[in-house]
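Report on the following structure.
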Amino acid sequence: MPRLCQNVTITTRQGKAALGKRRRREAIAAATCLTEALTDHLNVGVAQAYVNQRKLDHEVKTLQIQAAQFAKQTGQWINMVENFNQALKEIGDVENWARSIELDMRTIATALEYLYKGQLQPSSS
């Protein structure tokens with residue numbers, strides 16, 4: 167093989183090798199870009215999930231505080247209703263007592279009136 171043909175063959179091989187290296191570098195660069203893009207995309211999702219979780223945690227804490235306040239207020243209302251109910255019972259007891267006293271006083275008044283009228287009438291003996 168003449169020397170010129172050998173040089174062309176070597177040059178062709180070197181060109182193919184250089185082309186292969188260049189394509190490999192481009193493929194590596196493209197794979198790196200793809201990996202970075204996928205990682206960025208996943209990181210955005212993870213970051214959003216983290217933000218959402220923090221919001222949920224805050225809402226849960228707020229809800230727990232409000233539930234505790236509601237429970238406290240409910241307890242206060244229950245106490246007030248029980249006290250009111252007890253006061254109504256006491257008023258009912260006083261009313262019953264007053265009726266009993268009134269009935270006793272009417273009985274006494276009737277007895278006194280009966281005795282008084284009996285003393286006013288002249289005896290027939």
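For the sequence shown, the numbering used here assigns the number 291 to the last residue and increments by one with no breaks.
Backbone N, C-alpha and C define an ideal beta-carbon position, used for all residues, glycine too.
Since the model is a prediction, treat every value here as computed from it, not as a measurement.
8 angstroms Cβ shell around residue i - same chain, five flanking residues per side excluded
| i | result |
| --- | --- |
| ASN249 | none |
Close-in-space but distant-in-sequence residues of the same chain around residue i (CB under 7 angstroms, 5 per side omitted)
| i | result |
| --- | --- |
| GLU192 | none |
Euclidean distance between Cα positions of residue i and residue j
| i | j | result |
| --- | --- | --- |
| GLY181 | ARG190 | 14 angstroms |
| ALA137 | LEU222 | With the chain running from 167 to 291 in the structure shown, residue 137 is simply not present. |
| ASP270 | TRP263 | 10 angstroms |
| ALA183 | GLY211 | 42 angstroms |
| LYS244 | ALA234 | The amino acid occupying residue 244 in the given sequence is Ile; Lys does not appear at that position. If you take the alpha carbons of ILE244 and ALA234, they lie about 15 angstroms apart. |
| LEU200 | VAL226 | 39 angstroms |
| LEU185 | LEU204 | 28 angstroms |
**Message:** Ignoring anything shorter than 4 residues, give me the alpha helix (DSSP H) runs that lie fully in the region 219-244, in order along the chain.
**Reply:** none
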